[in-house]
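*Asks:* For the sequence shown, my numbering begins at 1 and goes up steadily by one.
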Amino acid sequence: MALHPRPSQLVAYMNGDNLSFPAEILYKIVDAVAEKHNAYSILCAIAQVSHVMLPHARKHIYETIDLSIEETDTIARLSQSYAANPTLLAEIPKTLNIFSDFGRSTLLDSPLLGTIISHMQNLRTLSLTGCNVEGKPFIDVFAAPSMGSITSLEIRDVQLTFHEFSIFLSSPRLTYLRLAQLIIVEYESSPDGEDGIDFSSPICGLPQPRSALKRPVQDLRLDIITTSDAVVMDLIATSRYPIILQNSLVNVSFSSEYALGKHVYRFQRFLDCNAVKSAQRIHLGDPDMDFFTEQDSSEFPPLRFDTFEAVELRVGVCEDWNPVPEFQWWAKSLRVARFRSPLKELHLMITFNYTDRVNVNELPDVSMHDWRNLDGALCGRNLSLKYLTISIVNPKFWNAREKVAVERWFFTCLPKTYEKYFAEGSEKIATLDIVSEGKEA
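In structure tokens, the structure reads:
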């Protein structure tokens, strides 16, 4: 047998349960097959020809169910599998991803979908992306006690009612929650949605939980893109019936694609609410977009985030080498940090948003106002950091010589920061990472 057999060779070798190799070796081979782009068909073939490998292959086939709502064949196959082996769906699936490829579909209206999902009683992760699930019957399945093992929930680009949204939050074991681009029907149409909602007010007529959910969420990611997203932020911050258990949050990732200066008070209210303020680390900025907001935030009032032990700030540098306005906003916010505040660890991620490769021989003048302003803020007497990490990320490629040039230039831009945190003899623990994500041409 070849060391790296073709799929056809592997299946033929396993036919008849040829056990020349120990089962552990065969399991590792099947694990490697599962990483291939065409793994499904190969794993199915292995499961058909080898009784020894059947359970291990099934685990890979059914542990994660990717269900495109345009592919009716998938639900038909799952139905056939359940008919042949009723315990299969109850025991193996851990992750269910329901998504749309933007085609037309009637699958979400099918009673069969809810029936199939109801048999997945060992689910841990649920993801819905790019779907209009308003009024769809399968949602009621997630209110059942058998779905109480779900620990991870992601809802992005989904339209639904508040009642349906609350059903997805039913699991009492929820520890990871990611929300973005929601269209919650009642919230999206609210005339006050743009200006802010106080759910604790007796005159608030928008729906909210009727009792405290107190989900033990440890990781929360909220990317505000729609009006509904902003209202959900207000809901978490002001509801009389808490959604998130106090003192459970560890990490909070938070961004707002669209923002005005008048919205900062809502952001502050969110950061200061009982559920969020107890988190150990706050990430301000969209990890996928490298900014907190697309809007000009240079004139925003400062955002107080010094109640957290660790803060990560994301900013970008444009092709003209001008820092984005968030440099000014974050500098302003760092300056208002209280003396001896809990904030001891800061991670600043600076991404070069370039379409072409950065020419390190044409680095700009270091005397730019925004750099000096940031330098002063990082070295303010009110800031008592123990750990400072600065990551400069280039989506293109830098060789070792270019990385050295960028490091030298960056420290010239921030001379006070260099002396306080990086110079020999400093009592601070500081790291500068120059990261190039691209490959050499």
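In this text, a Cβ means the ideal position worked out from N, Cα and C, and glycines have one as well.
Small disclaimer: the values here were computed from a predicted structure and weren't measured.
Beta-carbon within less than 7 Å of Ser298's beta-carbon, same chain only, minus the 5 sequence neighbours each way: which residues are those?
*Replies:* Cβ neighbours of Ser298 beyond the five flanking positions: Pro325, Gln328, Trp329.
*Asks:* State the beta-bridge partners of Asp223 as determined by DSSP.
*Replies:* BP columns for Asp223 point to Ala180, Ser255.
*Asks:* Starting from Gly114, follow the beta strand (DSSP E) in both directions and report where the run begins and ends.
*Replies:* No beta strand (DSSP E) contains Gly114, which is instead part of the alpha helix (DSSP H) from 111-118.
*Asks:* Give every residue of the same chain whose Cβ lies closer than 8 Å to the Cβ of Leu3, excluding the five residues on either side of it in the sequence, and list them in chain order.
*Replies:* In this prediction, Leu3 has a pLDDT of 40, which is less than 50 and means its spatial position is unreliable; nothing more can be read from the coordinates.
*Asks:* Given Phe162, which residues of its chain have a CB within under 6 Å of its CB, disregarding the five upstream and five downstream residues?
*Replies:* So the qualifying residues of the chain are Ile184, Glu186, Pro207.
*Asks:* Where in the stretch 266-330 do unbroken runs of the beta strand (DSSP E), each at least 3 residues long, occur, reported from the N-terminal end onward?
*Replies:* Fully enclosed beta strand (DSSP E) runs of 3 or longer: 281-284, 310-317.
*Asks:* Using a 10 Å radius around the Cβ and a threshold of 16 neighbouring Cβ atoms, would you call Lys386 buried or exposed?
*Replies:* By the neighbour-count rule (16 or more Cβ atoms within 10 Å), Lys386 is not buried but exposed.
*Asks:* Looking at the structure shown, is Asn97 part of a helix, part of a strand, or coil, going by DSSP?
*Replies:* Asn97: strand per DSSP, three-state reduction.
*Asks:* State the DSSP-derived secondary structure class of Glu437, mapped to helix, strand or coil.
*Replies:* Three-state result, Glu437: coil.
*Asks:* Please name the residue or residues paired with Cys131 in a DSSP beta bridge.
*Replies:* Per DSSP, Val158.
*Asks:* Between Asp157, Glu63, Arg178, Phe165, which lies nearest to Phe142 when the distance is taken from Cα to Cα?
*Replies:* When each option's Cα is compared against that of Phe142, the closest is Phe165.
*Asks:* Are Leu160 and Leu182 closer than 9 Å when you measure CB to CB?
*Replies:* Yes, they are a contact pair.
*Asks:* Take the Cβ of Asp445 as the centre, count every other Cβ of all protein chains shown within 10 Å, and call the residue buried at 16 or more, exposed below.
*Replies:* It is not possible to answer for residue 445, since the shown part of the chain is limited to 1 through 441.
*Asks:* What are the boundary residues of the alpha helix (DSSP H) that Leu378 is part of?
*Replies:* Looking at the DSSP string, the run of the alpha helix (DSSP H) that includes Leu378 is 369-378.
*Asks:* Quick one: using the 10 Å Cβ neighbour count with 16 as the cut-off for buried, is Glu427 buried or exposed?
*Replies:* That one is exposed.
*Asks:* Excluding five sequence neighbours on each side, which residues of the same chain lie with their C-beta closer than 7 Å to the C-beta of Pro209?
*Replies:* For Pro209, where only same-chain residues beyond five positions count, the Cβ hits under 7 Å are Ser166, Ser239, Tyr241, Ile243.
*Asks:* Return helix, strand or coil for Ile236, following the three-state DSSP convention.
*Replies:* Of the three classes helix, strand and coil, the one that applies to Ile236 here is helix, per DSSP.
*Asks:* Using only the alpha-carbon positions, how far apart do Ser190 and Phe199 sit?
*Replies:* Approximately 13 Å, taken between the alpha carbons.
*Asks:* Rounded to a whole number of angstroms, what is the C-alpha to C-alpha distance between Leu445 and Pro342?
*Replies:* No information on residue 445 is available, as it lies outside the stretch 1 to 441 that the chain covers here.
*Asks:* Would you say Asp370 and Ala337 are within 9 Å of each other, going by their C-beta atoms?
*Replies:* The answer is no: Cβ separation not under 9 Å.
*Asks:* Using CA atoms only, rank isn't needed, just tell me which of Glu70, Arg357, Leu374 is closest to Phe411.
*Replies:* Here the closest residue by C-alpha is Leu374.
*Asks:* Let's test the definition: count the other Cβ atoms within 10 Å of the Cβ of Ala423 and tell me whether it reaches 16, buried, or not, exposed.
*Replies:* Classification for Ala423: exposed.
*Asks:* Around the Cβ of Glu312, are there at least 16 other Cβ atoms within 10 angstroms (buried) or fewer (exposed)?
*Replies:* Flag for Glu312 reads buried.
*Asks:* Can you tell me the Cα-Cα spacing of Gln9 and Glu407, whole angstroms?
*Replies:* Here Gln9 scores only 49 on pLDDT, less than 50, and its place in the model should not be relied on; the value that follows carries that caveat. Answer to the nearest angstrom: the Cα atoms are 52 Å apart.
*Asks:* Taking C-beta to C-beta, are Ile350 and Val315 nearer than 9 Å?
*Replies:* Yes, the pair counts as a contact, with Cβ atoms nearer than the cut-off.
*Asks:* From what residue to what residue does the beta strand (DSSP E) around Val217 run?
*Replies:* It is not in any beta strand (DSSP E) - Val217 carries neither H nor E in the DSSP assignment.
*Asks:* Decide if Phe339 is buried, meaning its Cβ has at least 16 other Cβ atoms within 10 Å, or exposed.
*Replies:* Label assigned to Phe339: exposed.
*Asks:* Could you have a look at Ser68 and say whether DSSP puts it in helix, strand or coil?
*Replies:* Strand, per DSSP.
*Asks:* Under 8 Å by Cβ, that's how I've got Leu89 and Leu78 pegged, so tell me the actual separation to the nearest angstrom.
*Replies:* The Cβ separation is near 7 Å, so the contact holds.
*Asks:* Within this structure, are the beta carbons of Val252 and Asp290 separated by less than 9 Å?
*Replies:* Taking 9 Å as the Cβ cut-off, Val252 and Asp290 do not qualify as a contacting pair.
*Asks:* Tell me whether Ser146, by its Cβ, gets closer than 8 Å to a heavy atom of the ligand GDP.
*Replies:* The ligand content of the structure shown is nil, which means the ligand GDP is not present either.
*Asks:* Under DSSP, the beta strand (DSSP E) around Glu345 begins and ends at which residues?
*Replies:* Element bounds for Glu345: 345-352.
*Asks:* Using the Cβ count rule (16 or more neighbours within 10 Å means buried), how would you classify Ala400?
*Replies:* Under this definition Ala400 is an exposed residue.
*Asks:* Locate the alpha helix (DSSP H) running through Val404, then write down its first and last residues.
*Replies:* First-last of the alpha helix (DSSP H) with Val404: 400-413.
*Asks:* Can you tell me whether Gly16 is buried or exposed? The criterion is at least 16 other CB atoms within 10 Å of its CB, across all chains shown.
*Replies:* Caution applies to Gly16, whose pLDDT of 49 falls short of 50 and renders its modelled position unreliable; the model cannot decide the point.
*Asks:* I need the DSSP call for Leu432, collapsed to helix, strand or coil.
*Replies:* In the structure shown, Leu432 sits in a strand (DSSP, three-state: E or B).
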